[in-house]
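Q: Numbering (this note's numbering), first residue to last: 29 to 178. Quick reminder that beta carbons are idealized off the backbone N, C-alpha and C, glycines included.
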């Protein structure tokens, strides 16, 4: 599967014009992680977002006494690490490879440079991130309502 195919198959990028996808393909770097490796920890400075090409990662949040609570698992086509691109915040969760994982890494610095050259790319990226976050909020609201509503 080519980098372009990975972007096309990722829900976040499905509505991107071809020209803008090609820009992202040009800045995306292949990355591999062994099962059990931590890609980043909650609170780390953020420098990139990722698309899962193959494998599974676990998203976890810290609790008291360094106990981790698994929030969800992400699989092929999922995008993670996009929130700090919007608000420059530290990582909101820890990401651990549950299996061998192949990723595409999109550097925030490279993305910002390309948005500076192509403002339409910025509109498309921010709109895609907003759609992704809206979907996650709806899912979370639905899941939480099952705990609250009898």
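(1) Specify, as a first and last residue, the run of the alpha helix (DSSP H) that residue 179 falls within.
(2) With H, G and I counted as helix, E and B as strand and the rest as coil, what does DSSP make of residue 137?
(3) From what residue to what residue does the alpha helix (DSSP H) around residue 111 run?
(4) Measuring only the C-alpha atoms, how far is residue 60 from residue 169?
(5) So does the region 46 to 65 actually touch the region 104 to 112, counting three or more Cβ pairs closer than 8 Å?
(6) CB-CB under 6 Å to residue 63, same chain, minus the five flanking residues each way: which ones, in chain order?
(7) Expressed to the nearest angstrom, what Euclidean distance is found between the alpha-carbon atoms of residue 123 and residue 154?
(8) On the premise that residue 97 lies in contact with residue 103, defined as a C-beta separation below 8 Å, what is that separation, rounded to the nearest angstrom?
(9) Under the three-state reduction of DSSP, which class applies to residue 86: helix, strand or coil?
(10) Return the CA-CA distance between residue 139 and residue 100, expressed in angstroms with no decimal places.
(11) Answer with buried or exposed for residue 30, where buried requires no fewer than 16 other C-beta atoms within 10 angstroms of its C-beta.
A: The answer reads as follows:
(1) Outside the modelled stretch of the chain, which goes from 29 to 178, sits residue 179, for which no answer is possible.
(2) helix
(3) 111 to 115
(4) 33 Å
(5) no
(6) Leaving aside the five residues that flank residue 63 on each side, the residues in its chain whose CB is nearer than 6 Å to its CB run, in chain order, 125, 127, 128.
(7) 23 Å
(8) About 20 Å separates the two Cβ atoms, so there is no contact after all.
(9) strand
(10) 27 Å
(11) Flag for residue 30 reads exposed.
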